[in-house]
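One structure is given below, encoded as structure tokens.
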Ligand SMILES: Nc1ncnc2c1ncn2[C@@H]1O[C@H](COP(=O)(O)OP(=O)(O)OP(=O)(O)O)[C@@H](O)[C@H]1O
Ligand SMILES: [Mg+2]
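Numbering (my numbering), first residue to last: 43 to 491.
Take a look at the structure:
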């Protein structure tokens, strides 16, 4: 067993237990556990010893007893930052700033206003834990401003521009486009009341692109809900933004709401033990999807993620995102279509597409787009030097490909772990099949090698 690390210093565990200061502070805390000053010293010492993980429980106790103490709050934020729990640190920081603001205001406010309950934008810690708690607070708060969220109606991409992914396109057509084109038929089958659709898969393989194409097909009623539209530093405001988005969607039904990177908004609540503010957002999203207060008829919800394993299971239950579509790296015909699409309208000369397709197995759509862009950039340079248009050739693409590795590999490695250890209800079966097929295949031959 290793006793010392490479620089001859005892490892952290033993440094901690042999550290006289730590032992003394722990003894003092056993005698008076509520002493914030002693606990703060202990935390400082642990941070100095690079033992931030051990400081986390103390940071929680510090918050429990000293949430309104600015120095304690600051120290706790440092601990959470040190262990990489940025969500908790950010939530605490937001609370601290709200606290600062409200104390500045209360210095100048008349006595009766100071006694009023703190609600809405002025809310401070402790953080409400559930949507119900929040809703009760909203009743007495100022009404939300109309939220603005991105409309993708102007998108010029259509499903025809998407290379391959035939099954995914068929599903999108069936789930969104057909019911919207035939509302009577959809109403007869009560189709429009069905739940949302989750696109998932490795990065750069076309999830967001598919959503833009759906918007292009639909015209007006497609709303892209970005994280920045929802998340707000004020506690309770994120939930309110989310409610306002759904409210606007109901007014504009039939329409599609698109949540990109849903894992950021709908994270597993068990991951958010220390970030109550974000737990509230997940709860709110659940109740909006259920149409708890209102009818969701005519609201189609589309979402995308490349971390489905981080999405709260409750979001995946029937009536919510109960249909899932795996968007995999493009196969050979899809790669050909993608390369065609990106070379379209570019001056190109006798490009050996078949060779390029064969050499790019395992490349994502985004990787392929990048290969073409790099080749085009090179041609532009050459054209400027030559003073005449130099077309894209196989050699340009070959050279670009040599410097662009596939970005799908690391995702597949992570995915393999989830398939192996958490495919209990078969949700990753399709991915497992793909990984198996990949495993049995040799590495891509490389262009003209
Ligand atoms: N099937 C495809 N057909 C044509 N172009 C594609 C396709 N897939 C990806 N692309 C190209 O790759 C780019 C990136 O794809 P997109 O942003 O949709 O990936 P994503 O799956 O949303 O990735 P992330 O998970 O990282 O958000 C697109 O803008 C497009 O240029
Ligand atoms: Mg995307």
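Ideal placement from N, C-alpha and C gives every residue a C-beta, glycine not left out.
* Answer yes if the segment 343 to 363 comes into contact with the segment 376 to 388, meaning at least three C-beta pairs across the two stretches below 8 Å, and no otherwise. => Segments in contact, no.
* Does DSSP put residue 342 in a helix, in a strand, or in coil? -> Taking the chain shown and counting its residues from 1, one reaches residue 342 at position 300. Under the three-state reduction of DSSP, residue 342 is assigned to strand.
* To do: Would you mind stating whether residue 267 and residue 298 have Cβ atoms separated by less than 7 Å?
  => Taking the chain shown and counting its residues from 1, one reaches residue 267 at position 225. Taking the chain shown and counting its residues from 1, one reaches residue 298 at position 256. Taking C-beta atoms as the reference points, residue 267 and residue 298 fail to come closer than 7 Å.
* To do: Confirm the yes/no value for this check: CB of residue 456, any heavy atom of ligand 2, distance under 6 Å.
  => Sequence index remark: in the chain shown, residue 456 carries index 414 (1-based). Relative to ligand 2, residue 456 has its C-beta separated by 6 Å or more from all heavy atoms.
* **Length at least 4, wholly inside the segment 361 to 388: the alpha helix (DSSP H) runs in chain order** => For the segment 361 to 388, the full-length alpha helix (DSSP H) segments reaching 4 residues or more read 374 to 385 along the chain.
* To do: Write down the C-beta distance between residue 449 and residue 246 rounded to the nearest angstrom, noting that I regard them as a contact closer than 8 Å.
  => On the chain shown, residue 449 is found 407 positions in, with the first residue counted as 1. On the chain shown, residue 246 is found 204 positions in, with the first residue counted as 1. With 8 Å as the limit, residue 449 and residue 246 qualify as a contact, their Cβ atoms being about 6 Å apart.
* Compute every distance between the C-beta of residue 263 and the non-hydrogen atoms of ligand 1, then say whether any falls below 6 Å. => Position 221 of the chain shown holds residue 263. Taking the Cβ of residue 263 as the reference point, every heavy atom of ligand 1 lies at 6 Å or farther away.
* **CA nearest to the CA of residue 437, picked from 464, 431, 420** => Within the chain shown, residue 437 is the residue found at index 395, counting from 1. Of 464, 431, 420, the residue nearest in Cα terms is 420.
* Going along the chain, which residues of its own chain have a beta-carbon closer than 8 Å to the beta-carbon of residue 238, five neighbours each way excluded? -> Locating residue 238 in the chain shown gives position 196, where the first residue counts as 1. Taken in chain order, the residues that qualify are 331, 342, 343, 344, 345, 362, 363, 364, 365.
* Asked: What first and last residue would you give for the alpha helix (DSSP H) that runs through residue 421?
  -> Mapped onto the chain shown, residue 421 falls at position 379. Run containing residue 421: 407 to 428, per the alpha helix (DSSP H) assignment.
* Asked: Would you call residue 220 buried or exposed, if buried means 16 or more other Cβ atoms sit within 10 Å of its Cβ?
  -> Counted from its first residue, the chain shown places residue 220 at position 178. Per the 10 Å Cβ criterion, exposed.
* **8 Å Cβ shell around residue 457 - same chain, five flanking residues per side excluded** => Counting from one through the chain shown, the residue named residue 457 turns up at place 415. 244, 470, 473, 477.
* Buried versus exposed call for residue 430 [16 or more other C-beta atoms within 10 Å across all chains shown] -> Position 388 of the chain shown holds residue 430. By the neighbour-count rule (16 or more Cβ atoms within 10 Å), residue 430 is not buried but exposed.
* Asked: Do you know whose CA, among 444, 306, 389, 388, lies nearest residue 349's CA?
  -> Here residue 349 corresponds to residue number 307 of the chain shown, with the count starting at 1. Of the candidates 444, 306, 389, 388, the one whose C-alpha sits nearest the C-alpha of residue 349 is 306.
* From the DSSP output, which residues share a beta bridge with residue 240? -> Residue numbering aside, residue 240 sits at position 198 when the chain shown is read from its first letter. Note: residue 240 sits in a beta bridge opposite 345, 366.
* **Supposed contact pair residue 326 and residue 269 - C-beta distance, whole angstroms, cut 8 Å** => For this step, residue 269 is matched to residue 227 along the chain shown. For this step, residue 326 is matched to residue 284 along the chain shown. At roughly 14 Å, the Cβ-Cβ gap does not stay under 8 Å, so residue 269 and residue 326 are not in contact.
* Asked: Per DSSP, what kind of secondary structure is residue 323 in: helix, strand or coil?
  -> What you label residue 323 is simply residue 281 of the chain shown in a count that begins at 1. Here residue 323 sits in helix by DSSP.
* residue 250 beta carbon near ligand 2 (any heavy atom closer than 6 Å) -> Taking the first residue of the chain shown as 1, we reach residue 250 at position 208. Yes, since a heavy atom of ligand 2 falls inside the 6 Å radius drawn around the Cβ of residue 250.
* Between which two residues does the alpha helix (DSSP H) containing residue 78 stretch? -> Residue mapping note: residue 78 aligns to position 36 of the chain shown, counting from 1. For residue 78, the uninterrupted alpha helix (DSSP H) run begins and ends at 78 to 90, by DSSP.
* Asked: For the candidate residues 459, 439, 79, 372, whose alpha-carbon lies nearest to that of residue 114?
  -> Within the chain shown, residue 114 is the residue found at index 72, counting from 1. Distance check between residue 114 and each of 459, 439, 79, 372 places 79 closest, using alpha-carbon atoms only.
* Asked: For residue 463, which of helix, strand or coil comes out of DSSP?
  -> Along the chain shown, read from residue 1 onward, the residue named residue 463 stands at position 421. Three-state DSSP puts residue 463 in a helix.
* Asked: According to the neighbour-count rule (16 or more other Cβ atoms, all chains shown, within 10 Å of its Cβ), is residue 152 buried or exposed?
  -> Within the chain shown, residue 152 is the residue found at index 110, counting from 1. Here residue 152 scores only 45 on pLDDT, less than 50, and its place in the model is too uncertain to base an answer on.
* Closest to residue 432 by CA distance: which of 61, 392, 408, 398 is it? -> Translated into the one-based positions of the chain shown, residue 432 becomes position 390. Per the Cα distances, 392.
* Return the CA-CA distance between residue 208 and residue 416, expressed in angstroms with no decimal places. => Taking the first residue of the chain shown as 1, we reach residue 208 at position 166. Taking the first residue of the chain shown as 1, we reach residue 416 at position 374. Each residue's Cα considered, the two are about 28 Å apart.
* **Euclidean distance between Cα positions of residue 66 and residue 94** => As a first step, residue 66 must be located in the chain shown, where it is residue number 24. As a first step, residue 94 must be located in the chain shown, where it is residue number 52. Rounded to the nearest angstrom, the gap between the Cα atoms of residue 66 and residue 94 is 18 Å.
* Asked: For ligand 1, is there a heavy atom less than 6 Å away from the beta-carbon of residue 383?
  -> Reading the chain shown from its first residue, position 341 is the one you call residue 383. Within the cutoff, so yes.
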